[in-house]
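Chain order of the listed sequences is A and B.
For the numbering used here, add 1 to where a residue sits in the first sequence, where the first one is 1.
For the numbering used here, add 175 to where a residue sits in the second sequence, where the first one is 1.
Built from N, CA and C at the ideal position, the CB exists for glycine as well.
Each remark here refers to the structure printed beneath this line.
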Amino acid sequence: DVKVTQSSRYLVKRTGEKVFLECVQDMDHENMFWYRQDPGLGLRLIYFSYDVKMKEKGDIPEGYSVSREKKERFSLILESASTNQTSMYLCASQGDRVREQYFGPGTRLTVT
Amino acid sequence: DQQVKQNSPSLSVQEGRISILNCDYTNSMFDYFLWYKKYPAEGPTFLISISSIKDKNEDGRFTVFLNKSAKHLSLHIVPSQPGDSAVYFCAARGTGTYKYIFGTGTRLKVLA
Chain A
2 DVKVTQSSRY LVKRTGEKVF LECVQDMDHE NMFWYRQDPG LGLRLIYFSY DVKMKEKGDI
62 PEGYSVSREK KERFSLILES ASTNQTSMYL CASQGDRVRE QYFGPGTRLT VT
Chain B
176 DQQVKQNSPS LSVQEGRISI LNCDYTNSMF DYFLWYKKYP AEGPTFLISI SSIKDKNEDG
236 RFTVFLNKSA KHLSLHIVPS QPGDSAVYFC AARGTGTYKY IFGTGTRLKV LA
């Protein structure tokens with residue numbers, strides 16, 4: 002079974018703080034993704050990575066950056082958290098030979 | 176512009192009856208479609224998929240139908256069970272990409 006884990010289930014941060022969200026997958030998947038889920042907006046892609054040290058912007062990259070130093074780990078960074086970044090953040094991974102993405106449990110981030 | 180639309184934000188169905196969840200898309204180049212189920216405070220779990228070369232795929236109680244001319248897919252759940260109560264997302268991707276575009280989700284409630 003594919004396992005995707007995220008460092009925190011719930012996180013509360015203050016406006017202006019730097020926030021790190023970490024994601025680890027154990028299936029040697031090449032591709033990893035960060036989404037945010039908001040009511041009425043579905044899942045929106047922030048960034049994805051198709052290889053170590055490679056990244057590509059998704060649909061809503063503003064205010065975020067990512068890091069992928071190792072194949073199994075993909076980090077999402079909020080350089081200066083703002084209240085409009087309060088959301089559910091979901092990490093996913095996908096192998097080159099499969100068509101499905103596998104999701105982690107999500108991190109509910111609240112920025113106050 | 177939303178390329179993948181789920182126009183019904185919610186649906187209630189009696190236990191034992193059929194649930195039909197709908198999804199419309201605008202891009203005729205989409206070649207693969209997924210359905211995910213999401214419980215509160217959990218990540219989405221993959222349910223069923225369909226390739227654009229097929230018009231039906233079945234897995235137990237779940238069947239997905241694809242109508243390419245109408246750019247429409249639907250997920251049928253028969254019989255519906257209370258444990259099926261969740262938010263359902265459809266997702267679509269174009270040829271040669273790992274990026275999926277997700278719909279906004281439909282909240283299904285199965286009444287006992």
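Assuming residue 261(B) contacts residue 213(B) under a Cβ cut-off of 8 Å, what Cβ separation, rounded to an integer in Å, is found between them? 6 Å
Per DSSP, cross-strand counterpart(s) of residue 251(B): Partner(s): 195(B) and 238(B).
Give me, in chain order, the residues of the same chain whose beta-carbon lies closer than 6 Å to that of residue 159(A); leave out the 5 immediate sequence neighbours on both sides. Missing from the structure shown is residue 159(A); chain A here goes from 2 to 113 and no further.
Using the C-alpha atoms, what's the distance from residue 104(A) back to residue 369(B)? Nothing can be reported for residue 369(B), as the shown portion of chain B is limited to 176 through 287.
Could you tell me which whole beta strand (DSSP E) segments of length 3 or greater appear in the stretch 3-45 of chain A? 5-7, 11-14, 20-26 and 32-39
Can you list the residues of chain A that residue 280(B) reaches, using a CB-CB cut of under 7 Å? Neighbours of residue 280(B) on chain A, chain order: 43.
Under 9 Å between beta-carbons, which chain B residues line up against residue 73(A)? List them in chain order, please. Ordered by position in chain B, no residue passes the 9 Å Cβ test against residue 73(A), which lies about 17 Å from the chain.
Which residues in the same chain as residue 266(B) place their Cβ atom closer than 6 Å to its Cβ, once the five residues preceding and following it in sequence are excluded? Here the set comprises 209, 275 and 277.
Name the one or two DSSP bridge partners that residue 99(A) has. Paired residue(s): none; residue 99(A) is not in a bridge.
Ends of the beta strand (DSSP E) at residue 178(B)? Counting along the chain, residue 178(B) falls outside any beta strand (DSSP E), and DSSP gives it neither H nor E.
Have a look at the DSSP bridge pairing and note the partners of residue 189(B). 286(B)
To which residues does DSSP link residue 55(A) through a beta bridge? 52(A)
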